[in-house]
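> Residue numbers (our numbering): 29 to 254.
A virtual CB, placed ideally from N, CA and C, is assigned to each residue, including glycine.
(1) Mind listing, in chain order, the continuous alpha helix (DSSP H) runs of no fewer than 4 residues lying wholly within the region 39-65?
(2) If we count the other Cβ atoms within 10 Å of its Cβ and call it buried at 16 or more, is residue 180 buried or exposed?
(3) From which residue to which residue does the alpha helix (DSSP H) around residue 78 run?
(4) Nearest to residue 175 by CA position, among 164, 166, 169 and 187, is which residue?
(5) Does any residue of chain D bring its CB to less than 8 Å from the CB of residue 174?
(6) Considering only residues of the same chain and omitting the five flanking positions on each side of residue 82, which have a CB-CB separation below 6 Å?
(7) Helix, strand or coil: which one does DSSP assign to residue 160?
(8) Between residue 92 and residue 133, how many whole angstroms is the CB-CB distance? I'm expecting something under 8 Å.
(9) What's the call for residue 144, buried or exposed, on a 16-neighbour Cβ count within 10 Å?
(10) Hey, how far is the Cα of residue 95 from the Cα of residue 62?
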């Protein structure tokens with residue numbers, strides 16, 4: 029069994045006790061699906077969060093979101109994350125604990141991505157869940173995304189609005205199937221992207237348990253370019 033914690037859309041917000049809550053779950057890995065940093069806010073709270081996770085010896089994986097692309101210092105931020113020991117995935121795939129973990133950066137056209145063939149379980153991190161619909165069939169066993177902030181205002185299970193002026197978006201929170209049949213988990217996120225408050229839409233910290241087959245081997249870690 030692998031336990032994964034899914035962080036998304038922190039937006040450089042300082043969330044009290046967030047790092048402690050993640051650490052207490054004793055996850056095998058922490059998966060960050062973009063917008064860890066905000067387009068205009070200072071990056072210090074995001075780095076403080078990651079530093080606490082790494083000091084607890086947690087393995088952290090990360091892909092960019094759209095807000096990282098709004099910044100002029102994106103490359104410096106990614107280099108600092110790498111110095112902290114974060115596995116920054118830029119259209120890459122790596123072997124980890126018997127599965128593959130892949131990441132597609134925000135400014136890549138999903139249709140152009142061709143990950144190497146594999147018969148292993150492949151976990152894919154991509155910021156925008158709508159892009160998951162455009163991935164070639166068989167790209168991943170499970171996809172993690174964020175970006176939609178739960179639809180900002182929620183009525184029951186339906187979010188009302190999302191980035192890009194989407195009304196009643198189809199992917200806002202929880203488990204879905206993409207148009208090509210892939211499993212997709214969308215986080216409502218842990219930060220805010222606009223001044224309109226979240227209503228009936230609490231912050232979201234998905235915890236995912238992957239049950240692996242008994243004969244799954246644990247290959248040595250290694251990166252492959254996608």
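So, from the data block:
(1) The region 39-65 contains these whole alpha helix (DSSP H) runs: 46-52.
(2) Counted from its first residue, the chain shown places residue 180 at position 152. Burial state of residue 180 is buried, judged by a 10 Å Cβ sphere holding 16 or more other Cβ atoms.
(3) Working through the chain shown from its first residue, we reach residue 78 at position 50. Residues 72-83.
(4) Your numbering for residue 175 matches position 147 in the chain shown. When each option's Cα is compared against that of residue 175, the closest is 187.
(5) Annotation note: the requested chain D is absent from the structure, which comprises a single protein chain.
(6) Translated into positions along the chain shown, residue 82 becomes position 54. Same-chain partners within the cutoff: 112 and 113.
(7) Locating residue 160 in the chain shown gives position 132, where the first residue counts as 1. Here residue 160 carries a helix assignment [DSSP, helix/strand/coil].
(8) Along the chain shown, read from residue 1 onward, the residue named residue 92 stands at position 64. Along the chain shown, read from residue 1 onward, the residue named residue 133 stands at position 105. Correct: roughly 5 Å between the Cβ atoms.
(9) The sequence position of residue 144 within the chain shown is 116, counting from 1. Residue 144 comes out exposed.
(10) The count along the chain shown starts at 1 and reaches residue 95 at position 67. The count along the chain shown starts at 1 and reaches residue 62 at position 34. C-alpha separation (whole angstroms): 8 Å.
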